[in-house]
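Chemist: Dropping a structure here in structure tokens format, bear with me for questions.
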Amino acid sequence: MTIRVAAVGDIHMGPDSEGLLRPAFETLSDCADLLLLAGDLTRHGTPQEARVVAREVRDLPVPVVAVLGNHDHHDERPEEVTAILRDAGVSVLEGEATVVECAGGRVGIAGTKGFGGGFVGRSAGEFGEPVMKEFVRTTRRSADSLHAALKELDQRDCAARVALTHFSPVADTLAGEPSEIHPFLGSYLLAEAIDTAGADLAVHGHAHLGTEHGMTAGGVRVRNVAQPVIRRAFNVYRLGGD
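In this note's numbering, the protein residues as written are 1 to 242.
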């Protein structure tokens with residue numbers, strides 16, 4: 001059977017946008033089995049903004065799974081943002097996995113924010129100043145946690161597995177963004193984690209000027225669902241079946 005995955009990222013909600021997406025989200029049961037939120041749900045990561053997002057997604061007709069983005073960390077209160085979203089019933093992941101029961105089967109989602117660093121041939125390395133080493137190690141730790149979360153799903157009888165990140169795992173979906181900022185939009189380490197652990201779909205946001213469709217070197221479909229790219233409340237992707 002087919003599993004229908006709705007996804008959107010970079011909705012950047014604040015008090016003046018409350019209620020904007022709710023009407024579309026309330027139709028999700030007609031077209032999707034779950035909703036993935038690919039980070040940058042708020043503008044500055046304040047609890048006030050997080051409560052706006054929470055009201056937008058509370059008691060939706062499908063399960064909601066999310067990762068945070070860089071904007072959601074800006075106010076340096078990601079734990080509060082996460083708690084507010086979880087109180088609204090959202091599964092917020094950071095190096096973790098969850099399983100959603102759908103009519104088409106069990107869907108495993110492994111999620112992490114991710115980080116930058118660049119892509120093969122033009123990427124940062126763990127060399128030099130401590131701050132540079134820490135930059136790359138931050139990405140490596142995130143990629144390692146994504147790999148572990150995906151591998152965990154091997155033991156949980158899933159019909160399909162999805163990797164959910166904010167930063168991009170591939171350069172394909174950054175087409176349209178200035179090449180100078182690609183190292184700050186994602187990392188090949190995320191793609192390596194996805195390919196070595198296995199997934200049926202990878203979903204990310206962050207690249208507002210990017211391209212929707214991409215693929216890892218191992219053949220996993222990658223979709224950039226940043227709202228400025230998809231230009232709608234969400235897109236729906238199908239797993240299995242047709």
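Where a beta carbon is used, it is the ideal one built from N, C-alpha and C, also for glycine. None of these values were measured; they are calculated from a predicted model.
For L85, I'd like the list of residues in its chain whose CB is within less than 7 Å of its CB, leaving aside the five on either flank, ordered along the chain.
Modeler: Here residue 85 refers to the residue found at position 85 of the sequence shown. Same-chain partners within the cutoff: A50, V53, A54, A66, V92.
Chemist: Quick one: what's R221 bridged to in DSSP?
Modeler: Along the sequence shown, one-based indexing puts residue 221 at 221. According to DSSP, R221 bridges with L201, M215.
Chemist: In chain order, what residues of the same chain lie with their CB nearer than 8 Å to the CB of D172, ignoring the 5 residues before and after it?
Modeler: The residue labelled residue 172 in the question sits at position 172 within the sequence shown. Only T211, H213, G214, M215, V222 meet the Cβ criterion.
Chemist: Around the Cβ of T82, are there at least 16 other Cβ atoms within 10 angstroms (buried) or fewer (exposed)?
Modeler: Here residue 82 is taken as the residue at index 82 of the sequence shown, counted from 1. Burial call: buried.
Chemist: In the DSSP output, what is L153 paired with across the bridge?
Modeler: As a position in the sequence shown, residue 153 is number 153, starting the count at 1. For L153, which the question treats as bridged, DSSP gives no partner whatsoever.
Chemist: Going by other Cβ atoms of all chains shown within 10 Å of its Cβ, with 16 needed for buried, is F167 buried or exposed?
Modeler: The count along the sequence shown starts at 1 and reaches residue 167 at position 167. Classification for F167: buried.
Chemist: Going by DSSP, which residues form a beta bridge with C102?
Modeler: Here residue 102 corresponds to residue number 102 of the sequence shown, with the count starting at 1. In the DSSP output, where bridge partners are listed per residue, C102 has G105.
Chemist: Any idea which residues DSSP pairs A163 with across the strands?
Modeler: Sequence index remark: in the sequence shown, residue 163 carries index 163 (1-based). DSSP lists A110, A202 as partners of A163.
Chemist: With distances taken between CB atoms, is the gap from H182 to A38 smaller than 8 Å?
Modeler: The residue given as residue 182 occupies position 182 in the sequence shown. The residue given as residue 38 occupies position 38 in the sequence shown. No, Cβ-Cβ distance for H182 and A38 is not below 8 Å.
Chemist: Out of curiosity, what's the CA-to-CA distance linking H147 and I194?
Modeler: As a first step, residue 147 must be located in the sequence shown, where it is residue number 147. As a first step, residue 194 must be located in the sequence shown, where it is residue number 194. So the two alpha carbons sit approximately 6 Å from each other.
Chemist: Please name the residue, chosen from V229, N224, V225, D200, that lies closest to T2 on a Cα-to-Cα basis.
Modeler: For the purposes of this step, residue 2 is taken as the residue at position 2 of the sequence shown. Here the closest residue by C-alpha is D200.
Chemist: I'd like to confirm the pairing. Which residues does DSSP put opposite R43 in its beta bridges?
Modeler: Residue 43 sits at position 43 when you count from the first residue of the sequence shown. Paired residues: none, contrary to the question.
Chemist: Where do the N-terminal and C-terminal ends of the alpha helix (DSSP H) with R238 fall, by residue?
Modeler: By 1-based counting over the sequence shown, the position of residue 238 is 238. Per DSSP, R238 belongs to no alpha helix (DSSP H); it is in the beta strand (DSSP E), 235–239.
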